[in-house]
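Numbering (my numbering), first residue to last: 4 to 418.
Positions of the beta carbon are idealized from the N, C-alpha and C atoms, including for glycine.
Fair warning: this is a prediction, and the values are worked out from it, not measured in the lab.
Structure record follows, encoded as structure tokens.
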């Protein structure tokens, strides 16, 4: 059991100077399967919840259907699949069942027609009912939402449902198509289970993103992971951000930080921002961490693995060289936060602050070598100065573009 997970912690420093003020330390928690792990495929209990509102007509819905067809080809008879379509009401297109008669299942998916408005709760609730039929019988239960619009009047119900789903070990991922959907809502929807929200600017990318999501879930070594910071009462986690295998903000709850699945062949990495209170020289702060996981290969369920980090408080100003990958992760996280903060200032009418922040973001992106994103930021800054806002497309390009930089594979500078 002790070898079932490999957990390492890197920190921006292991020595802090004694100050009369609080200080920030970043911890990068990396979780991997054991080196001798032989990857096997995990059975899946999958529900696709497809927006069929009027705005999804033609190319968008056609691409979703094509993606569903490919997923059907990749699933096996040991997997179960259900498909829900929704607009202002929901319909079970494919009842949850083992994937056997692919021809029949695909014919049902192809029958989906676009019409009506967008009420996401209807689709989610029906999807959860279908997933429940095989809950606990399959390795991983996961709902994938595909939508291109705002939901109307039911956002709160959707978040409550997502929280209940997480408590039942059901994950949620959400793919937003185009520019009209609410990115803050989709982030909140996937946060309780540590799932992924993604921006699809081109319908042709639906196929790749959906396939990647299902492939990752099928290769999961462990699932239902969460972090338990067993820190002293005066040491607080301010924020948590998943950096790998994809970048995603995480929610802090009284029951820990849900971080999703550990996919075979990939590192699961979480960046914790920790507030350290004023401390005296000579103190050693012990920061214990628990990682809770279900690992089917070891027949482990809700098993906690423990590790800890030691932080020494010293006099003076200790010199330390933080790990390069951790420094880069913090730097690009700050770029993402600048983009988010500028949007908050726009929404609250603080346009002068937003403009100055966008100008700084543009400069920082150019300096870091991310020239295309810098150009996008410059264009949106000019639009902000002229019209008092930025475009929905520009907003999402900056948000998801800077977010993507946080994942290590995207760290090298652009050509």
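I'd like the list of long-range same chain contacts for residue 323, defined as Cβ closer than 7 Å, with 5 residues on each side in sequence excluded.
Cβ neighbours of residue 323 beyond the five flanking positions: 16, 18.
Assuming residue 335 and residue 405 are in contact, meaning their beta carbons sit under 8 Å apart, how far apart are those beta carbons, in whole angstroms?
Yes, residue 335 and residue 405 are in contact; Cβ-Cβ is about 7 Å, under 8 Å.
Would you kindly work out how many angstroms separate the C-alpha atoms of residue 418 and residue 409, rounded to a whole number?
Summary for residue 418: the model assigns pLDDT 33, below 50, so the residue's position carries little reliability; its value from the coordinates is reported in the next sentence. Roughly 18 Å separates the two Cα atoms.
Here's the rule: buried if 16 or more other CB atoms are within 10 angstroms of the residue's CB, otherwise exposed. What is residue 416?
Because the pLDDT at residue 416 is just 33, under 50, the model does not fix this residue reliably, and the point stays unresolved.
Ordered along the chain, which non-local residues of its own chain (more than five positions away) have a Cβ less than 6 Å from that of residue 283?
Short of 6 Å from the beta carbon of residue 283, and not among the five residues preceding or following it, lie these beta carbons of its own chain, in chain order: 21.
Determine whether the Cβ of residue 189 lies closer than 8 Å to any Cβ atom of chain C.
Protein chains in the displayed structure number just one, and chain C is not present.
Counting pairs of beta carbons, one from the segment 57 to 72 and one from the segment 126 to 140, are three or more of them closer than 8 Å?
Taking 8 Å as the limit for Cβ pairs, the verdict is that the segment 126 to 140 does not touch the segment 57 to 72.
Supposed contact pair residue 263 and residue 198 - C-beta distance, whole angstroms, cut 8 Å:
About 6 Å separates the beta carbon of residue 198 from that of residue 263, a gap short enough to meet the 8 Å contact definition.
For residue 140, the three-state DSSP class (helix, strand or coil):
In the three-state scheme derived from DSSP, where H, G and I count as helix and E and B as strand, residue 140 is classed as coil.
Sequence-distant residues of its chain with Cβ nearer than 7 Å to residue 80 (five each side left out):
Result list for residue 80: 101, 102, 103, in chain order.
Here's a check: name, in chain order, each residue in its chain whose Cβ is nearer than 6 Å to the Cβ of residue 123, leaving out the five neighbours to either side.
So the list reads 154, 161, once near-sequence residues are dropped.
Check for me: the beta strand (DSSP E) holding residue 20 runs from which residue to which?
For residue 20, the enclosing beta strand (DSSP E) stretches over residues 18 to 20.
With distance defined between alpha-carbon atoms, name the residue in 399, 370, 355, 360 nearest to residue 391.
Shortest Cα-Cα distance from residue 391 to any of 399, 370, 355, 360 involves 355.
Tell me the DSSP secondary structure of residue 124 in three-state form.
Reduced to three states, the DSSP call for residue 124 is helix.
What residue range is occupied by the uninterrupted beta strand (DSSP E) comprising residue 67?
Note, residue 67: premise wrong, no beta strand (DSSP E); alpha helix (DSSP H) at 62 to 77.
Could you tell me how far apart the beta carbons of residue 7 and residue 298 are, in whole angstroms, since I believe they sit closer than 8 Å?
Here residue 7 really is in contact with residue 298; their C-beta atoms are around 5 Å apart, less than 8 Å.
Report the three-state DSSP secondary structure of residue 249 (helix, strand or coil).
Residue 249 falls in the coil class under three-state DSSP.
With a Cβ-Cβ cutoff of 8 Å, do residue 329 and residue 361 count as a contact?
No. Outside cutoff.
Among 272, 368, 85, nearest to residue 107 - alpha-carbon criterion:
Shortest Cα-Cα distance from residue 107 to any of 272, 368, 85 involves 85.
Considering only the beta carbon of each residue, do residue 75 and residue 44 sit closer than 8 Å?
Contact flag unset, no.
Run through DSSP, which three-state label would residue 83 get?
Taken through DSSP and simplified to helix, strand or coil, residue 83 comes out as strand.
To the nearest angstrom, report how far apart residue 166 and residue 256 are at their CA atoms.
Rounded to the nearest angstrom, the two C-alpha atoms are 11 Å apart.
Considering only C-alpha positions, which residue in the set 140, 187, 310, 28 is nearest to residue 173?
Between residue 173 and the set 140, 187, 310, 28, the nearest pair of CA atoms involves 140.
Taking C-beta to C-beta, are residue 265 and residue 274 nearer than 8 Å?
Against a cut-off of 8 Å, the Cβ pair of residue 274 and residue 265 comes out as no contact.
Proximity to residue 188 [Cα-Cα], best of 171, 327, 177:
Of the candidates 171, 327, 177, the residue whose Cα lies closest to the Cα of residue 188 is 177.
Could you pull out every residue in the same chain whose Cβ sits closer than 7 Å to the Cβ of residue 227, ignoring the five residues on either side in sequence?
Hits under 7 Å: 172, 296, 297.
Using a Cβ-Cβ cut-off of 7 Å (strictly less than) and excluding sequence neighbours within five positions of residue 59, which residues of its own chain qualify?
So the list reads 117, 151, once near-sequence residues are dropped.
For residue 104, three-class secondary structure by DSSP
Coil, per DSSP.
Going along the chain, which residues of its own chain have a beta-carbon closer than 6 Å to the beta-carbon of residue 11, five neighbours each way excluded?
The answer, listed in chain order, is 33.
Entirely within the segment 145 to 222 and at least 3 residues each: give me those beta strand (DSSP E) ranges in chain order.
Listed in chain order, the complete beta strand (DSSP E) runs (minimum 3 residues) inside the segment 145 to 222 are 173 to 180, 200 to 203.
For residue 2 and residue 251, what's the separation of their Cα atoms in angstroms?
This structure does not reach residue 2, given that the chain is present from 4 up to 418, and the question cannot be answered.
For residue 136, which residues of its own chain have a beta-carbon under 7 Å away from its beta-carbon, when the five flanking residues on both sides are left out?
The answer, listed in chain order, is 99.
Residue 375 burial status per 10 Å Cβ neighbour count (16 or more: buried)
When all chains shown are included, residue 375 counts as exposed.
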